[in-house]
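Okay, so here's the structure we're looking at.
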Amino acid sequence: MKNLKYLLPILFVFTIFTACDPTDEPVIDETENLIKVQEFRNETHIIEVYTESGNFYTGYNNISIRIKDNATQKYLKNIAINWMPTMQMPTMTHSCPKSELTKVNESTTLYNGYTVFQMTGLDASGWSLKFMYTIDGVDYMVQDTIMVLQSTRQNVTTFTGTDSVKYIMALIEPNNPKIAINDMVVGLYKMENMMSFPVVENYTITLDPRMPSMGNHSSPNNTDLTYSMVDSMYHGDLSLTMTGYWKLNLKLLDAQNTVLKGEDIVDGMVEQSSLYLEIEF
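If you want the numbering used here, it's the position in the sequence shown, counting the first as 1, plus 996.
Here is the structure:
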């Protein structure tokens, strides 16, 4: 008992210092606020794919991925990775606009990019997603089918301009519209070929939002969208004065201000532009 009397304080001090070891690193959940959509597997790795909703939808998709080693069950920190979404149709195969996959800032294992799916693939037999990556000089590949759901409103549109070029335009922001002047962000791409959709730079997108159910009225303080070199997107101001369904009437102008698609809204004559996106909140 006498020895135990002196041993207990020593154990208490040891426990305190062990629990407060400054070398312990906090566990950070790098996928917080993300939901896993799907896992892609080969013999050596598992690629986990995440979005905020847990699904892929038509339009703009912000996608995060990380790779787990099957043998060690650890997530890999430094990889060179690329991807290719592909739609297999009965008579043709095509891809869609996409970004590169890059390491998320302040993350050790998470990579991020975006795709713009221009059509659905509800039965998981149309769209597929392939990842190509290199680890320590060894090349790997994994591919699987994916399901792309239809968005509720038109947040992406494909059209041919008066210049005979096929374009894809996607609404990116506002993702959560509010009664206010919202930051509006749009992605604009052209079909270079069936597998390549580069960003279109230095055009102008005019904006005229209207509420068809409320006499097709517009709103004040909107600004046209112009190209930003910072993120390769088009930015403008979208004024939403009340909740409900809004049709975002647009015109696309090239660098010489030639109208490639869309019309001005003239009350009593032209109710909507042939180029538009939709928001409802």
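Each residue gets a CB set at the ideal place from its N, CA and C atoms; glycine is no exception. Please read all numbers here as calculations on a predicted model, not as lab measurements.
### Query
Between Ile-1175 and Ala-1166, what straight-line distance do the alpha-carbon atoms span, to the nearest angstrom?
22 Å
### Task
May I have the straight-line CA-CA distance separating Asp-1017 from Asn-1029, to the nearest angstrom?
With a pLDDT of 48 at Asp-1017, under the threshold of 50, the predicted position of this residue should be treated as unreliable, and no value is reported.
### Task
Can you tell me the Cβ-Cβ gap for Leu-1106 and Ser-1060, rounded? I've got them flagged as a contact below 8 Å.
6 Å
#### Entry: Local conformation of Pro-1208 per DSSP, three classes
helix
### Query
How is the beta strand (DSSP E) around Gln-1084 delimited, first residue to last?
1076 to 1084
### Ile-1024 to Glu-1044 span [Cα, whole Å]
17 Å
### Message
Less than 7 Å between the beta carbons of Leu-1248 and Gly-1232, yes or no?
### Response
Contact check for Leu-1248 against Gly-1232 fails: the beta carbons are separated by 7 Å or more.
### Query
Going by beta carbon distance, what residues of the same chain come within less than 6 Å of Thr-1130, once the five residues before and after it are set aside?
Taken in chain order, the residues that qualify are Ala-1076.
### Query
In whole angstroms, what is the alpha-carbon distance linking Met-1191 and His-1090?
5 Å
### Query
For Glu-1169, which residues does DSSP report across the bridge?
BP columns for Glu-1169 point to Val-1181.
### Query
How about Thr-1202 and Asp-1227: do their beta carbons lie closer than 7 Å?
no
### Task
Check each candidate in Met-1207, Met-1229, Val-1196 and Met-1225 and name the one with the smallest Cα separation from Leu-1256.
Val-1196
### Task
Specify, as a first and last residue, the run of the beta strand (DSSP E) that Leu-1221 falls within.
1219 to 1224
### Message
Whole angstroms are fine: how far does the CA of Lys-1064 sit from the CA of Lys-987?
### Response
The structure shown does not extend to residue 987, since the chain is modelled only from 997 to 1277, so the question has no answer here.
### Task
Ignore the nearest five residues each way along the sequence and tell me which others in Lys-1099's own chain have a CB closer than 7 Å to its CB.
So the list reads Tyr-1107, once near-sequence residues are dropped.
### Task
Give the secondary structure of Gly-1240 by DSSP, where H, G and I count as helix, E and B as strand, and everything else as coil.
coil
#### Entry: Test item: CB-CB of Leu-1097 and Gly-1109 under 7 Å
Yes; because the gap between Cβ atoms is below 7 Å, this pair is in contact.
### Task
Go ahead and label Asp-1159 buried or exposed: buried means 16 or more other beta carbons lie within 10 angstroms of its beta carbon, across all protein chains shown.
exposed
#### Entry: Simplified DSSP state of Val-1100, which is helix, strand or coil
coil
#### Entry: Neighbourhood of Thr-1239 by C-beta, 8 Å cutoff - its chain only, sequence neighbours within 5 removed
Ile-1175 and Phe-1277
### Query
So Leu-1125 is in the beta strand (DSSP E); what residue range does that whole segment cover?
1123 to 1131
### Task
Give me the Cα-Cα distance between Thr-1104 and Gly-1122, rounded to the nearest whole angstrom.
One C-alpha to the other measures close to 33 Å.
### Query
Hey, how far is the Cα of Met-1225 from the Cα of Met-1180?
16 Å
#### Entry: Per-residue DSSP class, three states only, for Phe-1193
If DSSP states are grouped into helix, strand and coil, Phe-1193 belongs with coil.
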